[in-house]
Ligand SMILES: [Zn+2]
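Residue numbers (the working numbering), protein chains in the order written: chain A, 35 to 424; chain B, 14 to 173.
And the structure:
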């Protein structure tokens, strides 16, 4: 097949700052700064080596702070699409070496309420008491109705991910387990069918990556991790319209919102000629337990409605065929705001492909798939990464 | 349905879901949505229909989502439909909400969907496919919210 332009781009630096439920003494700016310093150290680069910056809406401020102008800039802060945009900028010669970073601290202070970025402002949603758990529950409930997906299936996912976090030394909920599926089912109900332990946490932290050209990547400190493919499916703005499983657009029910990420995954796999059976690590986004089940179906790892049984026989554990979210994800590692945890799925994929993860390293991992989002928020994005270039 | 004041055509039994009280975050009508909220205040559930292609349009929008025509007309819904999906929330969005409350997406019989809360039944009674009808509740002088109640009230609900 013709060489895809993204295949000449590599991730050469990754870094997670300290993560905590509350990062005392930090602001979003100071923890982002920690993330940038950390990722430059990981990559063996200095700020003047950067000629592209993608740090959310404050990108230009960071170009000034880093003193790295003239530099390509992005205003994105949406995780995988932001990484794909930076990679595209490199692939097309707009930039050579791009830092992507995010950090969040001191934003979520009203602890008796759900996090502010999860609460809708839209007039047709706001009076009904919605937040992300309820939005995603409306999707999960519909799937349970259509296919008989059971709370036990959801609980098995949550226990698996939380146990991955339990053994991860840097996870916020390190040492909090181990958990059985029954522990998940015994936790208090938040938004039916989601118990407390089916849901992600809220926390603070920073995260960053550096991308560069294949040519440059071969001379740097870390073994490069290569882009193989990516895609993004959006159906509208998050948390403004009813999260309808059957919401369709131009392509009909096969690509309805409930299958968000299906087209993205098909595109990503087509870019590199791989299939789900080639994926060694599934660093899937886990805002809620059900979302993993849905993603296995949407991405083509199993058939529609088969995700519940798919997760039940050890397949999703490290050592199984499709190990999921090996750092503990949003449930146990961190969920540091609007962007940090999106980037962390990519970062964990890179760590797995480099090898040497302190916990839950997947032996011989060569291909990783990561994801962001979910139909409760009307989008799903995916990316495929490889130990070897495509 | 009386305009302006809280209407209560049925009485709640112990353990049944009720509407929320004052203090919850309220919609702020826009130029596009004002006719809809004015309709709620009159006890009428409105939606838009595209004159060009007959598609229903909701939420209120400046153009049809099927053909992008701006030629939209307001119609009155009978306010009857079925629960498409639901969740009973036990941890409130903010302390202003009283739990439990049942969030639902309702399939209106006219062929569009909207978000609401189901009230007037027990949390365990809410189910996909349950037939519901609109029940307006005035929250303040400006905003009346369209809740939904079971068409055939389960348990101890007394429907007039
Ligand atoms: Zn139309």
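Cβ atoms here follow ideal geometry from the backbone N, Cα and C, with glycine treated the same way.
Buried or exposed (CB count within 10 angstroms, at least 16 for buried), residue i
i                      : result
residue 279 of chain A : buried
residue 98 of chain A  : exposed
residue 61 of chain B  : buried
residue 175 of chain A : buried
residue 311 of chain A : exposed
residue 126 of chain B : buried
residue 49 of chain A  : buried
residue 295 of chain A : buried
residue 214 of chain A : exposed
residue 18 of chain B  : Confidence is the limiting factor: at residue 18 of chain B the pLDDT is only 39, short of 50, which leaves the residue's position unreliable, though a coordinate-based value still follows. It counts as exposed.
residue 414 of chain A : buried
residue 220 of chain A : exposed
residue 43 of chain B  : exposed
residue 69 of chain A  : buried
residue 104 of chain A : exposed
residue 24 of chain B  : exposed
residue 386 of chain A : buried
residue 67 of chain B  : exposed
residue 27 of chain B  : exposed
residue 307 of chain A : exposed
Limits of the alpha helix (DSSP H) - the one that residue i falls within
i                      : result
residue 243 of chain A : It is not in any alpha helix (DSSP H) - residue 243 of chain A instead sits in the beta strand (DSSP E) that spans 239-247.
residue 135 of chain A : Residue 135 of chain A -> not in any alpha helix (DSSP H); beta strand (DSSP E) instead, spanning 131-138.
residue 177 of chain A : 166-181
residue 378 of chain A : 374-388
residue 154 of chain B : Residue 154 of chain B -> no alpha helix (DSSP H), and no H or E assigned at all.
residue 49 of chain B  : 47-55
residue 116 of chain A : 114-125
Beta-carbon neighbours of residue i, restricted to chain A and to distances below 8 angstroms
i                      : result
residue 141 of chain B : 175, 176, 179
residue 129 of chain B : 162
Beta-carbon proximity check, residue i vs residue j, cutoff 9 angstroms
i                      : j                      : result
residue 242 of chain A : residue 136 of chain A : yes
residue 53 of chain B  : residue 163 of chain B : no
residue 75 of chain B  : residue 48 of chain B  : no
residue 37 of chain B  : residue 163 of chain A : yes
residue 292 of chain A : residue 177 of chain A : yes
residue 103 of chain B : residue 112 of chain B : yes
residue 118 of chain B : residue 161 of chain A : no
residue 59 of chain B  : residue 90 of chain B  : yes
residue 43 of chain A  : residue 246 of chain A : yes
residue 237 of chain A : residue 370 of chain A : yes
residue 106 of chain A : residue 80 of chain A  : no
residue 183 of chain A : residue 166 of chain A : no
residue 211 of chain A : residue 229 of chain A : no
residue 173 of chain A : residue 277 of chain A : yes
residue 401 of chain A : residue 262 of chain A : yes
Residues that residue i contacts on chain A, provided the C-beta gap is smaller than 7 angstroms
i                      : result
residue 105 of chain B : 163
residue 85 of chain B  : By Cβ distance, chain A contributes nothing, its closest Cβ being about 16 angstroms from residue 85 of chain B, past 7 angstroms.
residue 46 of chain B  : 157
residue 158 of chain B : 161
Run of the beta strand (DSSP E) containing residue i, from where it starts to where it stops
i                      : result
residue 96 of chain A  : First-last for residue 96 of chain A: 93-100, but that is the alpha helix (DSSP H), not the beta strand (DSSP E).
residue 262 of chain A : 259-268
residue 107 of chain A : 106-108
residue 120 of chain B : 114-121
residue 58 of chain B  : 58-63
residue 132 of chain B : Looking at the DSSP string, residue 132 of chain B is not in any beta strand (DSSP E), and its letter there is neither H nor E.
residue 74 of chain A  : Where residue 74 of chain A is concerned, there is no enclosing beta strand (DSSP E), although the alpha helix (DSSP H) it sits in stretches over 62-77.
residue 402 of chain A : 401-408
residue 366 of chain A : That residue, residue 366 of chain A, is in no beta strand (DSSP E); its alpha helix (DSSP H) goes 363-366.
residue 415 of chain A : 413-420
residue 95 of chain B  : 93-102
residue 88 of chain B  : 85-90
residue 49 of chain A  : 43-50
residue 87 of chain A  : 86-88
Per-residue contacts from residue i into chain A (C-beta, under 9 angstroms)
i                      : result
residue 42 of chain B  : 157
residue 110 of chain B : 163
residue 39 of chain B  : 157, 160, 161
Partner residues on chain B for residue i, Cβ-Cβ distance less than 9 angstroms
i                      : result
residue 321 of chain A : Ordered by position in chain B, no residue passes the 9 angstroms Cβ test against residue 321 of chain A, which lies about 14 angstroms from the chain.
residue 278 of chain A : 97, 98, 118, 126
Residue i: contacting residues in chain B (beta-carbon distance under 7 angstroms)
i                      : result
residue 223 of chain A : 103
residue 433 of chain A : Examination of residue 433 of chain A is not possible in this model, given that chain A is present from 35 through 424 alone.
residue 148 of chain A : 106
residue 251 of chain A : Neighbours of residue 251 of chain A on chain B: none; closest Cβ ~44 angstroms, over 7 angstroms.
residue 168 of chain A : 100, 102, 116
residue 275 of chain A : 72
Contacts that residue i makes with chain E (C-beta to C-beta distance below 7 angstroms)
i                      : result
residue 171 of chain A : Of the protein chains in this structure, namely A and B, none is chain E.
Interface partners of residue i on chain B, CB under 8 angstroms
i                      : result
residue 191 of chain A : Within chain B, no residue comes near residue 191 of chain A; the closest Cβ sits about 18 angstroms away, beyond 8 angstroms.
Query raised in the report: At what residue ranges does the stretch 332-356 of chain A contain a whole run of the alpha helix (DSSP H), taking only runs of 4 or more?
Result: 341-344
Requested in this report: Could you pull out every unbroken alpha helix (DSSP H) segment of at least 4 residues lying fully inside the stretch 187-235 of chain A, listed in chain order?
Outcome: 215-220
Query raised in the report: Hey, which unbroken runs of the beta strand (DSSP E) at 3 residues or more fall wholly within the stretch 275-329 of chain A?
Result: 315-317
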